[in-house]
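To keep things clear, I will list the structure first and then write my remarks on it.
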DNA sequence: CATGAATGAGTGTTCATTCAT
DNA sequence: GATGAATGAACACTCATTCAT
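Residue numbers (my numbering), protein chains in the order written: chain L, 5 to 198; chain Y, 5 to 198; chain H, 5 to 198; chain G, 5 to 198.
Put into structure tokens, the structure is as follows:
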């Protein structure tokens, strides 16, 4: 049971994204995903434990590559201020480039049951850790306030990015996400005060 | 259909909160809510259009009083910097005081279908408007940067508060929410830079 | 859940017997039983815990009245020899009179899963107890051998009756069941020896 | 299709017995039997027409040797009274010696669908014929009553043995089967009467 | 001969909503 | 207004069988 690789594995993951994006979480039946992936219903169960596993895997596979990209990009950046900029930029650019995936991960999969949400939460932890490291870097480098609460700061950063992307989707992508990198970066670094 | 007041109306709303808090969104059946409210299943449909309407009303009734509280409190505060402080403080205090309601509005109701989420979104707009006004006040008063993008700033503020509360719930309320008001207020106002 | 009486309760039980008799155990879907009983599928679950419960109840209700009939009839019979005769007679007469029920309880329900079989076994225990009492009576009355092993004797009696009925059904009811009462009674009492 | 011999043929039959004995009829999937037999799923279909064929063959192969043993043993016994004793003894001894096989043939395979049951019935006919011959022998030898109904008597004999074995299994083999040969033989021959 | 990946038909159960009383 | 019995649509998952290699 549950081979986690192969052509069909990828086909099912991608089909799930398309079906969820088009029909919404509550209308993404297994049979619909199978048809979209051009496999039989039962084939899905050769690659995944159950429907929840498909959904968690969608998030894991897609978000995983996203997180890896961010990790890699941050390696070649020295200053924590610039790292934060890079992180915001990649976060926005990636999701702006794949609206369908953005909708699925930001909106649809959040309607899921506790089991799936738990799986999603575990994957997101990796991302939150990266943010923590950037903040800690900045403190160590002496560019961020030494009394910064890392966890609170991380929640500000993640909460802001998440809300911004969600809002962008809910407003039908009608403005540029990546156009806000500058603005938000400055908000984080310098705050609202004149 | 759909009297929106009365003893039973309130009983049903409160029963819904209790049932969702105790059993989770996906186990909050109409019949369970009816039993908890000590009315017949059918009676719910004399006061609400359908189940979605019950859920949206839960959010509306409970969040409505919350928003009014914030509005009122802000009236007696002059400076936008202090208004922002007050907003954060009330946001955290209110939810910290009623953990059950916090869980229902922050976690459970977000698993709902598009219809309910839309209803919730509309109610939240009032809150977002209040945040906008605080930001605009600050610009007008000359204490916030004049080039602040009001909408981006509002997303930062709301996104951060929301993520902070969610995180607090997910970590079993094991630290103080209101203990973070100071820290987060300073993050907003002065940013992360040393 | 699970009101165990009422007009519809009976209708569902009877529909189940008809459906199983006509289509066989493996083709007796809940929806088919519901249609036959002229109720909605869901209604079945107002009266029964699940499908297994329906099947066990079929056996319980039908066999229950059968066992009560036997119990009652034995009361008015003094001698254990005659009691045994009466038991065999009623056993055969009842099943001969309702061939459909005979098929369902003898053939179809025995193909069921362990859960149902367990339920059936528990109901049969009452019948086996009655047989035991007849045997014990006979020993006490001094008409049966005092060294008779009650349990072994009971197995002979029940096993024989059961096999005889099953065989009669498998041979398409083409001979008379009640015509064999005499013969079998004498076999039990006097044995095969000349 | 369907070679009925060979190393793998036997391996599959034996694997089926083990799997059914361990997991029960309703959990004896073809793939599980294949794994136990160390062949591929598809290989089973080179030796058997379908799953039913496997199950019937299990009964046929195992019961076949049992019946042959009985046939052979009876040859060297003269008197019908002793033949009946021998038949009961071998019946009980064989099944007592291989509890796993006893469970499979007495309990598990009886849950099967009509097709398999029909196959089983045909095999059992050979056994029933042997019983008939013993009874007829006895009548001819003048030791059994001449008015004995052979078929009814056969049903008593088979029904009793079958019920006794089933009961022994259901009671977890906790008493001796072969210890009951005497008792049951006397019941058959001399009846219950003092 | 043998493999094992792929197929796809088939069904018990839940629960929001209705409506006769 | 209030009841609660009745409705019936909707869907994830299993597993015997096939067939390309």
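We treat Cβ as the ideally placed atom computed from N, Cα and C, and that holds for glycine. Predicted, not measured: the structure shown is a model, and the values here were computed from it.
Is the Cβ-Cβ distance between residue i and residue j less than 7 Å?
| i | j | result |
| --- | --- | --- |
| residue 87 of chain G | residue 21 of chain G | no |
| residue 106 of chain G | residue 173 of chain G | yes |
| residue 74 of chain L | residue 60 of chain L | no |
| residue 200 of chain H | residue 177 of chain H | Nothing can be reported for residue 200 of chain H: it is not among the residues displayed for chain H, which extend from 5 to 198. |
| residue 11 of chain Y | residue 23 of chain Y | no |
| residue 110 of chain G | residue 169 of chain G | yes |
| residue 56 of chain H | residue 108 of chain H | no |
| residue 200 of chain Y | residue 193 of chain Y | No information on residue 200 of chain Y is available, as it lies outside the stretch 5 to 198 that chain Y covers here. |
Our contact map puts residue i next to residue j with C-beta atoms below 8 Å; I'd like the distance itself, whole angstroms only.
| i | j | result |
| --- | --- | --- |
| residue 142 of chain L | residue 196 of chain Y | 7 Å |
| residue 164 of chain H | residue 129 of chain G | Not really, about 19 Å apart at Cβ, beyond 8 Å. |
| residue 185 of chain Y | residue 89 of chain Y | 7 Å |
| residue 135 of chain G | residue 71 of chain G | Not confirmed; about 11 Å, so no contact. |
| residue 53 of chain H | residue 15 of chain H | In fact, because the Cβ distance is near 18 Å, the residues do not count as touching under 8 Å. |
| residue 166 of chain H | residue 112 of chain G | With 8 Å as the limit, residue 166 of chain H and residue 112 of chain G do not qualify as a contact, their Cβ atoms being about 19 Å apart. |
| residue 156 of chain G | residue 191 of chain H | 7 Å |
Chain Y partners of residue i, CB-CB under 8 Å?
| i | result |
| --- | --- |
| residue 117 of chain L | 30 and 115 |
Closer than 6 Å by C-beta to residue i: which residues in its own chain qualify, once you throw out the five before and the five after it? Chain order, please.
| i | result |
| --- | --- |
| residue 182 of chain H | 96, 97 and 100 |
| residue 68 of chain L | none |
| residue 25 of chain H | 104, 107 and 108 |
| residue 13 of chain H | 51 |
| residue 81 of chain Y | 87 and 90 |
| residue 32 of chain H | 23 and 24 |
| residue 9 of chain H | none |
| residue 124 of chain G | 63 |
| residue 66 of chain H | 105 |
In chain H, what lies closer than 9 Å to residue i by C-beta?
| i | result |
| --- | --- |
| residue 235 of chain G | No answer is possible for residue 235 of chain G: the residues shown for chain G start at 5 and end at 198. |
Give the residues of chain L in contact with residue i, contact being defined as C-beta atoms less than 7 Å apart.
| i | result |
| --- | --- |
| residue 184 of chain Y | 156 |
| residue 192 of chain Y | 195 and 196 |
| residue 181 of chain Y | Those within 7 Å of residue 181 of chain Y in chain L number zero; the least Cβ separation is about 11 Å. |
So which residues of chain L does residue i contact, with C-beta pairs closer than 9 Å?
| i | result |
| --- | --- |
| residue 147 of chain Y | 196, 197 and 198 |
| residue 160 of chain Y | 160, 163, 164, 167, 168, 188, 191, 192 and 196 |
For residue i, go through chain G and note every residue whose CB falls closer than 8 Å to its CB, in chain order.
| i | result |
| --- | --- |
| residue 142 of chain H | 196 |
| residue 153 of chain H | 184 and 187 |
Tell me which same chain residues have a C-beta within less than 7 Å of the C-beta of residue i, skipping the five on either side of it?
| i | result |
| --- | --- |
| residue 44 of chain H | 38 |
| residue 64 of chain Y | 127 |
| residue 84 of chain Y | 138, 141, 142, 145, 147 and 148 |
| residue 152 of chain G | 139 and 143 |
| residue 77 of chain H | 90 and 94 |
| residue 150 of chain G | 143 |
Which residue or residues does DSSP assign as beta-bridge partners of residue i?
| i | result |
| --- | --- |
| residue 148 of chain G | H:197 |
Ignore the nearest five residues each way along the sequence and tell me which others in residue i's own chain have a CB closer than 8 Å to its CB.
| i | result |
| --- | --- |
| residue 132 of chain L | 158 and 162 |
| residue 30 of chain L | 115 |
| residue 27 of chain H | 36 |
| residue 117 of chain H | 56 |
What residues from chain H crowd round residue i, counting only those whose CB sits closer than 7 Å?
| i | result |
| --- | --- |
| residue 171 of chain G | 159 |
Strictly below 8 Å CB to CB, what residues from chain H border residue i?
| i | result |
| --- | --- |
| residue 59 of chain G | Those do not exist, as residue 59 of chain G stays about 13 Å from chain H at its closest Cβ, beyond 8 Å. |
Taking 6 Å as the cut-off, is the beta-carbon of residue i closer than that to any non-hydrogen atom of the ligand ATP?
| i | result |
| --- | --- |
| residue 169 of chain L | The ligand ATP is not among the ligands present in this structure, which contains no ligands whatsoever. |
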